[in-house]
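One structure below.
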Amino acid sequence: MEELRLVPTPAAEPAEQAPAPAPQPEPLPRAPKHRSAGDDAVGRLIVSCVKSAIDCGASDLLFEPSEEGLSLRLRVDGIVVQAMAHVSDSPDFERTLTNRLKTMADLVVTDGPGRQAGSFSILVDRRPVFVRCTVVPTAHGDAVALRAVAGATWPQTYEELGQETAAAFHRALSLPSGLVVVAGPPGSGKTTTAYAALRRLDAPEKLIVTLEDPVEVDLPGIDQVAVNARDKPSVADALQSALRANPEVLFVGEIRDAETARAAVDAAASGILVLSTTLAKDAAAAVARIADHGVPRERLAGVLRCVLAQRLARGLCAHCRTETAPDEGARAYVAAVDGEPVPLVLHTRRGCPACGQTGFAGRVLYGELLAFDRELRSVVASGSSDDLAAAALARGMKPLAADGMRLVRSGATTLDEIVRTGGDLLG
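Final position of the sequence shown in this note's numbering is 433; the numbers increase by one with none missing.
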């Protein structure tokens, strides 16, 4: 485990019967309001920890209980680093801290129903920071994971995917209806890409509604609905309310079960553009995962417009990256992935004060885009994931691993980083 180095970075006529009023959409719940962490020692520690995470570009704060007490680790550029071995010497203080975080996220404090998820926002240095909170019971108490979105150094657009892939993704987002899916493993930046797409789609003449569990970031001008949490509507109920408002775009936060899969597909079939995310290793696997939730393949094929599968890798520090001559093994590895000539020089990390001696700064995005035409829809309806992947490659789709090699060749990251984040794709 790497050592942490913080780097700041008119009324009706009486004689006539008035017509029945048109049905009005039900009010939609809004994103979470700002919460105060409190003015006591616990509250000050929460704000201090979130601020430290933001200053060093961390995306996650992990409060983890053990026999020795509560520790804090941060996830910086996708790597977990130790921040505090012991949050406090007092078990009561640590218990109060975890309960305070659950209260701020509107979660059950005592005897919680297993895993819980919520969100809140707090002010840090006079600016709002939106935090997603996940609580998981362990043998030694509740583990609390906070995702401080304002502190993440993720790409805020999808242009890093390369001109061709980004243009194809934007074309899919420009369609009036259908289902567009962003896929990847946990921590691959799916929600960030989806939010970037929503920001791109947002316009005064468009109504955009989101169904999220939980709401992760407040998006001004977009109607965000928290679903499935305590005192919140189900996905099905929220979808019915949203559709009565006739939105142009609907975002279903994640297709994770039969209910969310059915909601996304039904909404796309109704004639609106639906954007969603799902956990899958590549584009073809994402289609299979949605179908495995009970959506008939023929119905799914009819609404799919594209699937973007992506990964995040640590980007090399521009101040200290160095050139290196790849050995024969590395050259053969790179060439085998994309079939292109290997440059005489690749880049590797060194470390400097600007990057906290890690050699990395921020993260870079790579991916594959599967755009559906009539032939590929027929494969979705009747074929397997392997059949779909083979058909897509035959029609010119650039595989995810090959796009990772694009970043290696350009010096944006290292071969080791692509192996670390996409080794399951490289064979």
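From the three backbone atoms N, C-alpha and C, an ideal C-beta is built for every residue, glycine too.
Is the beta carbon of residue j closer than 8 Å to that of residue i?
i	j	result
residue 103	residue 60	no
residue 255	residue 386	no
residue 189	residue 311	no
residue 67	residue 123	no
residue 271	residue 184	no
residue 146	residue 100	no
residue 196	residue 266	no
residue 242	residue 200	no
residue 277	residue 353	no
residue 150	residue 257	no
residue 376	residue 400	no
Assuming residue i and residue j make a contact with CB atoms under 8 Å, what is their CB distance in whole Å?
i	j	result
residue 62	residue 76	Between residue 76 and residue 62 the Cβ distance is about 20 Å, and since that is not below 8 Å, they are no contact.
residue 314	residue 373	6 Å
residue 215	residue 232	About 12 Å separates the two Cβ atoms, so there is no contact after all.
residue 421	residue 365	With a Cβ gap of about 14 Å, residue 421 and residue 365 do not count as contacting.
residue 204	residue 225	6 Å
residue 343	residue 407	5 Å
residue 261	residue 296	6 Å
residue 370	residue 166	6 Å
Under the rule that 16 or more other beta-carbon atoms within 10 Å means buried, what is residue i, buried or exposed?
i	result
residue 328	exposed
residue 89	buried
residue 95	exposed
residue 413	buried
residue 27	Here residue 27 scores only 41 on pLDDT, less than 50, and its place in the model is too uncertain to base an answer on.
residue 108	buried
residue 30	With a pLDDT of only 41 at residue 30, under the threshold of 50, the placement of this residue in the model should not be trusted; the figure read from the coordinates follows. Exposed, since its Cβ has fewer than 16 Cβ neighbours within 10 Å.
residue 169	exposed
residue 430	exposed
residue 390	exposed
residue 239	buried
residue 281	buried
residue 10	With a pLDDT of only 49 at residue 10, under 50, the local geometry of the prediction cannot be trusted, and the value read off the model is given with reservation. Residue 10 is buried by the Cβ-count criterion.
residue 279	buried
residue 306	buried
Report the three-state DSSP secondary structure of residue i (helix, strand or coil).
i	result
residue 69	strand
residue 45	coil
residue 229	strand
residue 99	helix
residue 148	strand
residue 308	helix
residue 52	helix
residue 321	strand
residue 384	helix
residue 78	strand
residue 353	strand
residue 182	coil
residue 261	coil
residue 113	coil
residue 63	coil
residue 86	strand
residue 142	strand
Whose C-alpha, out of the options, is nearest the C-alpha of residue i?
i	options	result
residue 93	47, 373, 110 and 114	47
residue 435	135, 123 and 82	Lying outside 7 to 433, the shown extent of the chain, residue 435 is not represented and no answer is given.
residue 121	140, 107 and 106	140
residue 350	359, 360, 333 and 363	333
residue 480	416, 410 and 137	It is not possible to answer for residue 480, since the shown part of the chain is limited to 7 through 433.
residue 217	199, 207, 273 and 209	273
residue 55	233, 98 and 129	129
residue 318	164, 278 and 365	164
residue 191	221, 291, 242 and 303	291
residue 171	363, 285, 404 and 277	404
residue 219	277, 138, 279 and 151	138
residue 125	325, 223 and 360	223
residue 82	361, 285, 415 and 381	361
residue 363	345, 166, 132 and 326	326
residue 115	259, 49, 142 and 133	142
residue 213	289, 249, 253 and 182	253
residue 132	397, 331, 57 and 383	57
residue 320	346, 355, 338 and 347	355
residue 209	285, 187, 180 and 378	180
residue 87	106, 335, 64 and 98	64
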